[in-house]
Amino acid sequence: MKPPARPSAPAPRPSAPSSSGPTALENEVLALVNEERAKVGCSPVRFDASLAKLAGDFSADMATRGFFSHTDPDGDTPWDRARQAGVQNLGGENIARGQADAAAVMDAWMNSDGHRANILNCDYTRLGVGVQTGSGGPWWTQNFGF
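See below:
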């Protein structure tokens with residue numbers, strides 16, 4: 270999803286567990302993204318803790334409130350949520366639901382034009398991945414940044 274221009278009032282967000290680095294699943298997605306980027310001559314993206322927290326919070330929110338969309342039930346877009354969280358470098362977002370592992374979610378994203386475009390956008394230099402497991406999931410979010 271690409272950024273729209275739309276103001277929005279801040280809304281509270283559920284908190285996902287934070288850590289200083291990616292989980293094993295998130296790290297696997299990061300590695301797979303960089304493999305795909307290397308195939309087309311893009312530099313690798315690096316882990317970004319603020320984008321990862323944004324992604325993790327959004328995956329948790331989708332699971333908790335039972336929705337699946339880039340726009341949450343409050344009407345907030347990825348850029349609204351980034352602004353509310355103080356994240357200034359968001360470039361694009363990919364979401365997915367139900368894929369059992371990193372390879373499956375990457376396969377789904379790479380077989381979707383818009384998602385693949387985000388993954389292979391050589392302007393992006395940073396990536397945060399969030400995964401929320403649970404009934405009906407897992408919910409996956411990638412937040413790409415500059």
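Whatever position you read off the sequence shown (first residue = 1), add 269 for my numbering. The beta-carbon is built from N, C-alpha and C at its ideal position, and this holds for glycine as well.
In this structure, how does DSSP classify residue 336 when only helix, strand and coil are distinguished?
In the sequence shown, residue 336 corresponds to position 67, counting from 1. Three-state DSSP puts residue 336 in coil, outside helix and strand.
Reference residue 321, options 309, 395, 340 and 334, closest by Cα:
Taking the sequence shown and counting its residues from 1, one reaches residue 321 at position 52. It is 395 whose Cα lies nearest to the Cα of residue 321.
Check your understanding: According to DSSP, which residues form a beta bridge with residue 412?
Key -> On the sequence shown, position 143 is the one that residue 412 refers to. Looking at the DSSP output, residue 412 bridges to 362 and 397.
Tell me whether the beta-carbon of residue 340 lies closer than 8 Å to the beta-carbon of residue 346.
-> Locating residue 340 in the sequence shown gives position 71, counting from the first residue. Locating residue 346 in the sequence shown gives position 77, counting from the first residue. Result yes, Cβ atoms of residue 340 and residue 346 sit closer than 8 Å.
Continuous alpha helix (DSSP H) stretch holding residue 390: start and end | Position 121 of the sequence shown, counting from 1, holds the residue named residue 390. From DSSP, residue 390 is part of no alpha helix (DSSP H); its letter is neither H nor E.
Please determine, among 414, 304 and 401, the residue with the shortest C-alpha to C-alpha distance to residue 336.
-> Looking up residue 336 in the sequence shown gives position 67. Closest option to residue 336, Cα to Cα, is 401.
* To do: Could you name the residues that DSSP lists as bridge partners for residue 352?
  => In the sequence shown, residue 352 corresponds to position 83, counting from 1. Per DSSP, none; premise fails for residue 352.
Legend entry - Span separating the alpha-carbon of residue 377 from that of residue 370: Along the sequence shown, one-based indexing puts residue 377 at 108. Along the sequence shown, one-based indexing puts residue 370 at 101. So the alpha carbons of these two residues sit roughly 11 Å apart.
Nearest to residue 313 (by Cα), restricted to the options 331, 299, 319 and 323: Numbered from its first residue, the sequence shown carries residue 313 at position 44. Of the candidates 331, 299, 319 and 323, the one whose C-alpha sits nearest the C-alpha of residue 313 is 299.
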